[in-house]
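K.L.:
Before I ask anything, let me first share the structure, which is written out below as structure tokens.
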Amino acid sequence: MQKTVRYARGVVTAPHHLASQAGLSVLQEGGTAADAAVAVAATLAVVYPHMTGIGGDSFWLVSEPDGTIHAVHGCGGAAQAATLERYAGYDAIPTRGLLAANTVAGTISAWEAMLSASLLPLDRVLRDAIHHAQSGVPVTRSGADIVATKGTELAAQPGDWSAIYGEVRKGDLLYQPALARTLRTLAAEGLRSFYTGSVGAAIAADFAELGGLVTADDLAAHRAERPEPLHRRIDGARLYNSAPPTQGFASLMILALYDRITATAADGFDHVHRLVEATKSAFMIRDDVVGDPRYMPGYVNLQAMLDHNGWLEQRTSAIDLERALPWPRPASAGDTCWFAVADAEGRVVSAIQSVYFEFGSGVTLPRTGITWQNRGSSFRLAPDGWNALMPGRKPFHTLNPALAEFTDGRIMAYGTMGGEGQPQTQAAIFTRYAHHGVELQDAITRPRWLLGRTWGEASVTLKIEDRFPPPLIEQLRAAGHDVEVVGGFSQMMGHAGAIVLHPDGSYEGATDPRSDGAVAGW
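Quick note on numbering that gives the first Met the number 0: the sequence shown kicks off at 0 and runs consecutively.
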């Protein structure tokens with residue numbers, strides 16, 4: 000079993016080892032955790048292009064050395080041309096192609112906000128990403144698997160996806176020269192160039208030539224936002240997560256409910272069953288109200304709900320500690336990259352970015368080499384109501400980075416990729432570590448479960464890795480769970496990670512053996 004690693008001056012964890020190394024090198028050259036986190040994000044956009052990229056969105060939580068917690072949302076809204084009339088004749092928005100590439104990409108705006116106080120030159124922060132895009136990077140097993148399984152549908156999309164990615168195999172060197180040029184231009188002109196400079200002009204020109212929806216005006220209107228994070232106090236800690244349009248509320252609600260029905264030990268029936276049932280309760284609320292906060296029902300105040308002990312008690316009392324609630328609800332997909340950095344000043348960053356499905360919409364813009372997200376394919380083609388499509392509206396996001404402040408002074412950043420699995424894996428890792436005393440790396444390495452679907456899985460069963468003992472699996476089935484056993488260390492369980500800053504100034508880090516990741520520190 001991997002062991003939790005400990006450092007004295009700073010730590011990085013990411014689902015690809017080259018991204019962790021990029022972040023560490025920035026820390027070693029005097030950069031802050033914010034600088035290093037952007038270096039990680041940029042490198043992931045190159046080395047994990049099936050999971051993330053600069054054509055997607057990102058969300059960030061930061062714990063500053065003075066104890067303040069703040070957030071950055073790089074989340075793009077629907078293009079002005081993304082109207083119901085434009086989708087006339089469709090029952091749903093397609094998940095691939097130009098009609099799926101219907102929102103502005105917000106990730107670069109979040110990098111710009113995170114670097115607002117940086118003392119390092121932008122070309123230094125982006126150095127490793129530019130190098131890997133230009134000089135080539137070995138294709139990972141997960142990337143090669145996605146190309147093999149999804150290549151036909153992706154190659155059919157407009158743009159240059161097939162020319163760049165279509166023939167790659169595991170271990171091949173992947174070259175992305177157009178993306179390297181784009182990153183160099185951003186380093187020279189500044190990140191705002193993505194929206195109002197030469198990069199934005201190239202993006203708009205490509206969309207216009209291909210017949211897409213995103214225009215120069217859509218790009219120029221976009222800005223990153225800084226909403227207040229949601230939070231909830233539980234026994235021994237205060238938890239933080241991202242505000243709408245993300246599902247951060249659900250992640251906090253699961254842990255708030257479990258705090259009231261804590262099991263006696265990790266990974267037995269009581270632990271797994273109670274977290275699964277808390278997940279169902281949280282998802283029902285999430286699916287009814289969470290989305291773009293400008294369009295949520297006026298009576299909904301998510302922070303007030305999290306603060307209301309009576310409301311939480313009502314939700315807790317509805318959980319049957321012995322029997323499973325039937326679960327027919329559909330689930331959300333999503334391929335994502337979570338990562339975290341802590342620096343010597345005591346700053347901790349928890350971040351996540353994504354292009355939604357693997358390679359997003361599949362539309363790779365020829366001039367820039369950017370593969371555009373398909374996050375807007377989650378909009379409903381309806382005139383009103385939850386997540387209904389309208390120009391400028393931000394789509395519901397599964398992305399949600401997490402932070403925890405313990406009463407003993409520890410600060411923990413944790414998260415994962417994996418759509419519906421994100422709140423569930425966060426809950427598994429946090430409760431193992433915080434409630435049940437499981438060592439940090441072990442909390443990630445242990446077998447996991449997932450209610451719903453991710454990585455393109457269509458079923459909404461309770462998927463559980465076969466490394467759990469057979470008697471536990473039978474107990475869950477006997478309690479009414481629709482259990483589907485999957486292989487150990489399954490990719491569908493996500494790529495998780497965690498770091499902990501201790502009061503003595505030391506750092507712990509952990510990474511997921513299901514990923515290509517590493518912990519890097521000094």
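Note that the Cβ used here is the ideal one computed from N, Cα and C, for glycine as well.
Every value quoted in this text rests on a predicted model; they were computed, and no experiment measured them.
How is MET416 classed by DSSP in three states: helix, strand or coil?
P.N.:
In the structure shown, MET416 sits in coil (DSSP, three-state: anything other than H, G, I, E or B).
K.L.:
Can you check DSSP and say which residues form a bridge with GLU464?
P.N.:
VAL485
K.L.:
Jot down the residue ranges of each uninterrupted alpha helix (DSSP H) in the region 369 to 452, minimum 4 residues, whole runs only, in chain order.
P.N.:
Scanning the region 369 to 452 for uninterrupted alpha helix (DSSP H) segments of 4 residues or longer gives 420 to 429 and 439 to 444, listed from N- to C-terminal end.
K.L.:
Output needed for ALA80: all residues of its chain with C-beta closer than 6 Å, excluding positions within five of it in sequence on either side, in chain order.
P.N.:
LEU212
K.L.:
From which residue to which residue does the alpha helix (DSSP H) around ARG530 run?
P.N.:
There is no way to answer for residue 530, as the model of the chain reaches only from 0 to 521.
K.L.:
Over what stretch of residues does the beta strand (DSSP E) that includes TYR355 continue unbroken?
P.N.:
347 to 355
K.L.:
By Cβ distance below 6 Å, which residues in the same chain neighbour LEU311 in space, the five residues on each side in sequence not counted?
P.N.:
ALA255
K.L.:
Over the uninterrupted alpha helix (DSSP H) stretch that includes TRP160, give me the two end residues.
P.N.:
160 to 164
K.L.:
In this structure, does DSSP put VAL525 in helix, strand or coil?
P.N.:
The displayed coordinates of the chain run from 0 to 521. Any statement about residue 525 would go beyond what the structure contains.
K.L.:
Buried or exposed for MET0, going by 16 or more other Cβ atoms inside 10 Å?
P.N.:
With a pLDDT of 48 at MET0, under the threshold of 50, the predicted position of this residue should be treated as unreliable, though the coordinate-derived value follows. It counts as exposed.
K.L.:
What residues in its chain sit with their C-beta under 6 Å from that of LEU190, if we drop five residues either side in the sequence?
P.N.:
ILE107, TRP110 and GLU111
K.L.:
Using the DSSP secondary-structure output, state which residues sit across from CYS336 in a beta bridge.
P.N.:
GLN352
K.L.:
Assign SER115 to one of two classes, buried (16 or more other C-beta atoms within 10 Å of its C-beta) or exposed (fewer than that).
P.N.:
exposed
K.L.:
Identify whether HIS307 lies in helix, strand or coil by the three-state DSSP scheme.
P.N.:
coil
K.L.:
Alpha carbon to alpha carbon, how far is ILE53 from ASP159? Give it in angstroms, no decimals.
P.N.:
16 Å
K.L.:
Give the secondary structure of ARG140 by DSSP, where H, G and I count as helix, E and B as strand, and everything else as coil.
P.N.:
It is helical.
K.L.:
Compare the beta carbon distance of ALA77 and ASN101 with 7 Å and say whether it is the shorter of the two.
P.N.:
yes
K.L.:
Using the Cβ count rule (16 or more neighbours within 10 Å means buried), how would you classify ASN399?
P.N.:
buried
K.L.:
Using three-state DSSP, classify HIS270 as helix, strand or coil.
P.N.:
Helix at HIS270.
K.L.:
Please report how far the alpha carbon of PHE206 lies from the alpha carbon of THR363, in whole angstroms.
P.N.:
10 Å
K.L.:
Can you grab the Cα-Cα spacing for the pair GLU28 / TYR294, in whole Å?
P.N.:
44 Å
K.L.:
Determine the DSSP secondary structure at ARG231, reduced to helix, strand or coil.
P.N.:
strand
K.L.:
Assuming GLY22 and VAL45 are in contact, meaning their beta carbons sit under 8 Å apart, how far apart are those beta carbons, in whole angstroms?
P.N.:
About 14 Å separates the CB atoms of GLY22 and VAL45; that is not less than 8 Å, and the two are not in contact.
K.L.:
Go through its chain and collect everything with a Cβ distance to VAL518's Cβ below 6 Å, but skip five positions before and after it.
P.N.:
VAL4, THR12, GLY508 and THR510
K.L.:
As an exercise, report each continuous alpha helix (DSSP H) stretch of at least 4 residues that is fully enclosed by the region 14 to 42, in chain order.
P.N.:
16 to 27
K.L.:
GLN372: buried (16+ other C-beta within 10 angstroms of its C-beta) or exposed?
P.N.:
buried
K.L.:
Please state the DSSP three-state secondary structure of VAL61.
P.N.:
Looking at VAL61 - three-state DSSP - the assignment turns out to be strand.
K.L.:
Contact between the region 440 to 451 and the region 304 to 319: three or more CB pairs below 8 Å?
P.N.:
Taking a cut-off of 8 Å for Cβ pairs, the region 440 to 451 and the region 304 to 319 do not touch, as fewer than three such pairs fall below it.
K.L.:
Please list the terminal residues of the continuous beta strand (DSSP E) segment that includes VAL499.
P.N.:
495 to 500 is the extent of the beta strand (DSSP E) around VAL499.
K.L.:
Assuming HIS480 is part of the beta strand (DSSP E), what are its boundary residues?
P.N.:
According to the DSSP assignment, HIS480 belongs to no beta strand (DSSP E), since it is labelled neither H nor E.
K.L.:
Go ahead and label THR367 buried or exposed: buried means 16 or more other beta carbons lie within 10 angstroms of its beta carbon, across all protein chains shown.
P.N.:
buried
K.L.:
Using 7 Å as the threshold, is the C-beta distance between TYR47 and HIS16 below it?
P.N.:
Against a cut-off of 7 Å, the Cβ pair of HIS16 and TYR47 comes out as no contact.
K.L.:
Where does TYR194 sit, in a helix, a strand or coil, going by DSSP?
P.N.:
helix
K.L.:
Can you list, in chain order, the residues of its chain with a C-beta nearer than 6 Å to that of ALA323? Leave out the 5 residues immediately preceding and following it.
P.N.:
ALA478, GLY479 and HIS480
K.L.:
Can you give me the C-alpha to C-alpha distance between ASN386 and THR67, rounded to a whole angstrom?
P.N.:
31 Å
K.L.:
Could you tell me whether the Cβ atoms of GLY520 and THR424 are closer together than 7 Å?
P.N.:
no
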